[in-house]
Amino acid sequence: MKKHLLTSLTGLLLLALTVAPASANLLSIQFSGLNLTYDHFANGGTLAAPSPFALSPDPLATMNFFNNGSLVGTLTQDIAIGMSIGGLGPITTSGGTYFGHGGGFGLRLYTNNAGDGITLNWDSPVQVNVNPANGGAEVSVLGSASTSAIIGQSLPFGFELDAPVQVSFSTQISDFDIFPSNSSVGADTYKRFEAFGTGEVSGNASPIPEPLTLLTFGLGLAGLGAARRKRK
Numbered sequence: 000m001k002k003h004l005l006t007s008l009t010g011l012l013l014l015a016l017t018v019a020p021a022s023a024n025l026l027s028i029q030f031s032g033l034n035l036t037y038d039h040f041a042n043g044g045t046l047a048a049p050s051p052f053a054l055s056p057d058p059l060a061t062m063n064f065f066n067n068g069s070l071v072g073t074l075t076q077d078i079a080i081g082m083s084i085g086g087l088g089p090i091t092t093s094g095g096t097y098f099g100h101g102g103g104f105g106l107r108l109y110t111n112n113a114g115d116g117i118t119l120n121w122d123s124p125v126q127v128n129v130n131p132a133n134g135g136a137e138v139s140v141l142g143s144a145s146t147s148a149i150i151g152q153s154l155p156f157g158f159e160l161d162a163p164v165q166v167s168f169s170t171q172i173s174d175f176d177i178f179p180s181n182s183s184v185g186a187d188t189y190k191r192f193e194a195f196g197t198g199e200v201s202g203n204a205s206p207i208p209e210p211l212t213l214l215t216f217g218l219g220l221a222g223l224g225a226a227r228r229k230r231k
């Protein structure tokens, strides 16, 4: 009888751990102070932070960490980003949707001077939208990408992102130079521009058991312990 009870409890525990639902938390890293530079002559038109030819990353202003929409922590010192999106050009001043190369180095977030953070490669084309407004007086540059190529990560606040990782940014052009009537496309195109704004890196965390599963597991362990004590 005791052996049968132990076997039954063990079976119930295994069943609970197998079929109970798991929840995947959405982790988001939102940052401000992003500086992007587009250069028509770099790798077929490259948009990068801080620029296509920079030897050091772009310092950021803030980096906020969210777990399912709740703020977990904030960094304001020794944070930076390096990012590169090649093959975008030529980009016309009238705007449009452009797609960068979907391979090679993508993005690296630095969370301290020791080099901790997260590094991603692109594994699919990166979409960039250039949207003029108010007669061209204001031009937004928006980007989005999804990649499963996580090269490495060492993030604070217990964050660890699963693939795929989503990357996005929202910036406003602050300075630019143009090619008037670029013969290759028959329109004015950007020779270079600088844009300033914000960005986000997000993805699901490793699934964790639901509270009900943990409760079932705890009750099962208690039952096993009681059964063993009675057997003694």
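For the sequence shown, position 35 matches number 34 in numbering that gives the first Met the number 0, and the numbering has no gaps at all.
The beta-carbon is built from N, C-alpha and C at its ideal position, and this holds for glycine as well.
Remember, predicted model here, so these are calculated numbers, not experimental data.
Range covered by the beta strand (DSSP E) that runs through residue 161: No beta strand (DSSP E) holds residue 161; DSSP gives it neither H nor E.
Presumed contact (8 Å Cβ cut-off) between residue 116 and residue 165, rounded CB distance: No, residue 116 and residue 165 are not in contact; Cβ-Cβ is about 17 Å, not under 8 Å.
Nonlocal neighbours in the same chain, by C-beta distance under 6 Å from residue 73, ignoring five residues either side: 63
Other residues of its chain near residue 199: CB distance less than 8 Å, five sequence neighbours each side excluded: 27, 28, 29, 30, 165, 166, 167 and 168
Neighbourhood of residue 87 by C-beta, 8 Å cutoff - its chain only, sequence neighbours within 5 removed: 37, 43, 44, 45, 46, 97, 98, 99 and 127
Short Cβ contact (8 Å threshold) for residue 33 with residue 118: Taking the C-beta atoms as reference points, residue 118 is found no nearer than 8 Å to residue 33.
From 154, 121, 135 and 175, residue whose alpha carbon lies closest to that of residue 65: 154
Span of the beta strand (DSSP E), counted from its first residue to its last, around residue 26: 25-38
Helix, strand or coil at residue 181 [DSSP, three-state]: Of the three classes helix, strand and coil, the one that applies to residue 181 here is strand, per DSSP.
Status (buried if at least 16 other CB within 10 Å, exposed otherwise) for residue 150: Flag for residue 150 reads exposed.
Whole-angstrom distance between residue 176 and residue 142, CA atom to CA atom: 21 Å
Where residue 112 sits in the DSSP three-state scheme: coil
Boundaries (first-last residue) of the beta strand (DSSP E) holding residue 195: From DSSP, the beta strand (DSSP E) with residue 195 extends over 186-203.
Host beta strand (DSSP E) of residue 141 (start-end): 137-146
C-alpha gap between residue 237 and residue 121, whole angstroms: Residue 237 is absent from the structure shown; the chain starts at 0 and stops at 231.
Supposed contact pair residue 140 and residue 59 - C-beta distance, whole angstroms, cut 8 Å: Not quite, the Cβ-Cβ distance comes to about 17 Å (not below 8 Å), so this is no contact.
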